[in-house]
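Peer 1:
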Amino acid sequence: MTATSKPESAGKRVQISGLSKLYGGHPAVDRVSIDIAAGSFCTILGASGSGKTTLLKMVAGYEQPTEGRIEIDGRDVASMRVAARNIGMVFQNYALFPHMTVAANLAFPLEMRGLAKADIVARVTAMLELIGLAGFGSRLPRELSGGQQQRVALGRALIFEPDILLMDEPLGALDKNMRQAMQREIRAIHRKVGVTVLYVTHDQDEAMNMADLVVVMDKGRVAQTGSPLDIYNAPRTDFVATFLGDCNLIDVERGRDGVRRLALAGGIAIPAGVKSGRAEMVGVRPERISVGADPIQRDIVLSGTVVETHFNGADHDVVVDVDGRPVRARLANGGQLPPSIGNRAYLGCDFADLIPLEAIGATR
Ligand SMILES: Nc1ncnc2c1ncn2[C@@H]1O[C@H](COP(=O)(O)OP(=O)(O)OP(=O)(O)O)[C@@H](O)[C@H]1O
Ligand SMILES: [Mg+2]
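Sequential numbering from 3 applies to the sequence shown in the working numbering.
1) If you compare alpha carbons, which of GLU255, GLY139, GLY326 and THR307 is closest to ASP360?
2) To the nearest angstrom, how far is it from the Cα of GLY306 to the Cα of ILE291?
3) Under the rule that 16 or more other beta-carbon atoms within 10 Å means buried, what is TYR201, buried or exposed?
4) Specify the secondary structure class of VAL16 as computed by DSSP and reduced to three states.
5) How would you write the range of the beta strand (DSSP E) that VAL92 sits in, first residue to last?
6) What's the call for SER81, buried or exposed, on a 16-neighbour Cβ count within 10 Å?
7) Going by Cα to Cα distance, which pick from ARG262, PRO100 and GLY139 is closest to LYS277?
8) Taking all protein chains shown into account, decide if MET210 is buried (16 or more other Cβ within 10 angstroms of its Cβ) or exposed.
9) Is any heavy atom of ligand 1 found at a distance shorter than 7 angstroms from the C-beta of THR55?
10) Based on Cα-Cα distance, which residue from THR127, ASP301 and ALA347 lies nearest to VAL320?
11) From the DSSP output, in three-state form, read off ILE188 for me.
12) Between the Cα of ASP186 and the Cα atoms of GLU208, LEU24 and VAL218, which residue gives the shortest distance?
13) State the CB to CB distance for the pair PRO111 and PHE162, rounded to an integer number of angstroms; the pair is presumed to be in contact (CB under 8 angstroms).
14) Within the present structure, is the beta-carbon of TYR25 separated from the nearest heavy atom of ligand 1 by less than 7 angstroms?
15) Sort VAL126, ARG71 and LEU349 by Cα distance to ARG300 and report the nearest one.
16) Taking ARG141 as part of the alpha helix (DSSP H), name the residues at either end of that continuous run.
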């Protein structure tokens with residue numbers, strides 16, 4: 003293997019079906035089904051305790067499922083031992099051997115597998131290059147930054163050319179800039195080596211940034227699976243809509259006349275042609291809502307008093323009290339400034355901006 007050539011195994015398909023894990027009768031993972039294409043990057047996003055680590059442990063073979071199947075390229079792994087699964091792993095606490103040099107840490111999995119010395123040296127050199135640490139081979143882990151240590155952990159998990167790479171909050175200990183730099187690096191390395199990745203995070207930006215496929219978990223279950231764009235633009239439930247990004251939630255009421263109305267500003271009728279399925283609720287992303295001091299020409303126009311503004315560099319977040327309900331809007335920086343706190347504001351969006359949602363209980 004060289005730093006630029008693809009290793010021979012370029013990732014395998016992972017099919018998880020009806021997978022559950024019960025601890026003392028309580029499901030940590032509850033009938034999870036996910037189909038991850040060979041060589042793709044899958045992020046698993048969920049709150050603390052939603053079952054992410056338990057799911058990875060079952061794929062790795064460290065926990066036995068109570069129910070369900072895991073297949074790697076169509077082969078049931080139930081009877082396969084941990085080593086036979088050919089899976090690399092990276093966790094939040096780097097878990098490098100502290101008394102061993104970077105090169106020795108990288109060489110370790112190859113020595114365990116009994117590779118020839120010359121082969122090991124060549125692979126370690128290539129891996130140091132791939133992870134951007136050429137020349138760091140003789141350092142000890144404590145002589146590296148957090149991000150560099152995490153790159154070594156990544157290199158050690160990839161050096162034996164695994165079919166699948168499991169990562170559990172690998173960047174959790176890093177600051178924001180380092181995290182973002184590492185996210186880009188991990189993606190770049192993934193493009194080069196093409197291993198199938200299951201990447202656990204509770205950071206929504208990270209989950210969307212990195213993934214081909216996002217799996218949102220809630221209390222052990224899959225809440226939704228899809229591309230980052232699908233999940234953001236077409237969340238199916240209020241939970242997913244608010245877990246990934248901000249979303250205004252508005253109840254939909256169906257009157258005796260059969261007309262659906264938004265439970266807002268005295269009831270705004272939704273025209274018959276507008277897609278809302280059997281939605282009990284609709285969502286509107288804040289960046290879809292225009293806000294200004296003057297009346298706006300949109301399908302839906304509301305007015306109220308500005309109660310909060312936050313400037314975060316890229317955008318202004320504005321909260322407007324509309325008849326006692328907070329409505330969030332987002333204005334890109336560089337355009338019009340939002341009206342200031344205490345002033346009257348007009349809000350507007352179009353029916354096409356409404357996302358039909360099933361109400362299962364949002365978390366925030
Ligand atoms: N060995 C165990 N014995 C009993 N209960 C467990 C065990 N491991 C996990 N659990 C429980 O299973 C649930 C899911 O845990 P898990 O570690 O998979 O969550 P997680 O999504 O990884 O959370 P976090 O983001 O905090 O790491 C939790 O309620 C946890 O308390
Ligand atoms: Mg965990």
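Idealized CB from N, CA, C, for every residue including glycine. Here the structure is a predicted model, which means the values were calculated and not measured.
Peer 2: From the atom records:
1) The sequence shown places Glu at residue 360, not Asp. Residue GLU255 is the option with its Cα nearest to GLU360.
2) 14 angstroms
3) buried
4) strand
5) 89-93
6) exposed
7) ARG262
8) buried
9) yes
10) ALA347
11) helix
12) Residue identity check: residue 186 is Arg in the sequence provided, not Asp. Nearest option by C-alpha distance: GLU208.
13) 5 angstroms
14) yes
15) LEU349
16) Here ARG141 belongs to no alpha helix (DSSP H), and DSSP marks it neither H nor E.
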